[in-house]
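Numbering (our numbering), first residue to last: 4 to 165. Beta carbons: idealized from backbone N, C-alpha and C, even for Gly. The structure displayed is predicted, hence computed values, not measured ones. A short write-up of the structure that comes next.
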């Protein structure tokens, strides 16, 4: 897989929700719950293109973080991780780019999407999607969710520790 430590990759594989934090227009952090999809190198999230402030924020400032903190969303795993990186928005064709980039990953994680896709005609605006691609640069990991201890920090090859 990629350079992320194996326990973080495992969290990404099972997490049904991650908390994406972007930098708002006024410089304050804004957090959005989204489904993280991981291909072993990049982390993908997706968003409706309709009235999406998070996409505007990322286009203005690509620095983001993704926190994996909810044991229910991680199928009982109590480990915690925060991944910092640079994001880019892929929205050249909101009708099909997202399918090509993430649909297989989404189906693996959440097979119920197949039933939702059957209602596509009834929900056309929902399926105009943009993909958020995150290139991880730094990762913090807390085994067993013990945030009273310093995290294990890992940085991407070529990056300096912050």
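For the pair of segments examined, the stretch 29-39 was found not to touch the stretch 150-163: the number of CB pairs separated by less than 8 Å stays below three. If you keep only unbroken beta strand (DSSP E) runs of at least 3 residues inside the stretch 60-115, you get 66-71, 83-93. In the DSSP assignment, residue 11 falls within the unbroken alpha helix (DSSP H) covering 9-17. The continuous beta strand (DSSP E) containing residue 33 extends over residues 32-37. Within the same chain, and ignoring the five residues on either side of residue 70 in sequence, the residues whose Cβ sits closer than 6 Å to its Cβ are 22, 85. Cβ contact annotation for residue 140 (same chain, cutoff 8 Å, sequence separation greater than five): 87, 88, 89, 158, 159, 162, in chain order.
Taking C-beta atoms as the reference points, residue 73 and residue 10 fail to come closer than 8 Å. Distance from the Cα of residue 50 is smallest, within the candidate group 147, 26, 131, 152, for 131. A distance of 8 Å or more separates the beta carbons of residue 20 and residue 61. For the 8 Å CB-CB criterion, residue 47 and residue 116 do not form a contact. Residue 156 and residue 145 have their C-alpha atoms some 9 Å from each other.
DSSP, reduced to helix, strand and coil, places residue 43 outside both helices and strands of the structure shown, so it counts as coil.
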